[in-house]
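Going letter by letter, the sequence shown gives residues 2 to 207 in my numbering. A quick write-up on the structure given underneath.
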Amino acid sequence: MKKLIVIFTLLLSAGFLFQACDDTETYAEMKEKERDAIRAFIKEHNIKTISAEQFYAQDSTTNTDENEFVLFNDNGVYMQIVRKGNGKKLQDGERADVIARFIEVNIQDNDTLTGNLYDASNPDYLTVSYKSGSYIGSFTSGYMYGNYGSSVPAGWLVPFPYINIGRNTDNIAKVRLIVPHSQGQSTATSYVYPCYYEITYQRGLN
């Protein structure tokens, strides 16, 4: 009798364990859910996706009247350049202080996470370095630094080859991005969700 009770208990435990494992999403399932969320977002907002080839043929611009976003297949980031901005592009070997204002939305949950796009008094600060075709960024203060640490999401660096970074507050560079988890901030990477950003970039004092 005691042996039967032990066997029954083991079977019951195994059943609970199997159910718990069955309820856990796989990474592949989470990525599929992310892709579905991005597709739904694009459809809902009437976004016209263009290829990188078309983007380059248009002098690295996107037509905002047609709500064009270029899709970079190598990293999965979608980008719309609202304004190229005043100033100049970062030069090879250059390091610049950058002032950013942004809004961050979790596309999967349709939830605004953080941002300061409309709060001129509390921008985010980061440094961006460019060398041999690669951009590296580090937050030094602000909302992104406070929420996710110093590492700048790779998606935030995608616009730099195509925008100008100037100090003049008129016509500063502005972009819109759809960033998959693989190019996103640390929490998005861990929990596999995409984010939508609107960001302005302005050169700091250095």
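Beta carbons: idealized from backbone N, C-alpha and C, even for Gly. Only a predicted model underlies this, so the values are computations on that prediction, with no experimental measurement involved.
Annotated three-state conformation of Glu26 is coil, per DSSP.
The C-alpha of Arg204 is placed about 13 Å away from the C-alpha of Lys175.
Within the same chain, Arg96, Ile137 come within 6 Å of Ser130 by CB-CB distance, once the 5 residues on both sides are set aside. Here Ser152 carries a strand assignment [DSSP, helix/strand/coil].
Residue state for Ser130 is assigned as strand, using DSSP reduced to three classes. Beta-bridge pairing by DSSP links Ile100 to Tyr126, Gln203. Taking the CA atoms as reference points, Ile164 sits about 30 Å from Lys32. For the pair Phe103 and Ile39, the CB atoms are not nearer than the 8 Å cut-off.
When Thr63, His46, Tyr144, Thr115 are compared, the shortest CA-CA separation from Glu54 is found for Thr63.
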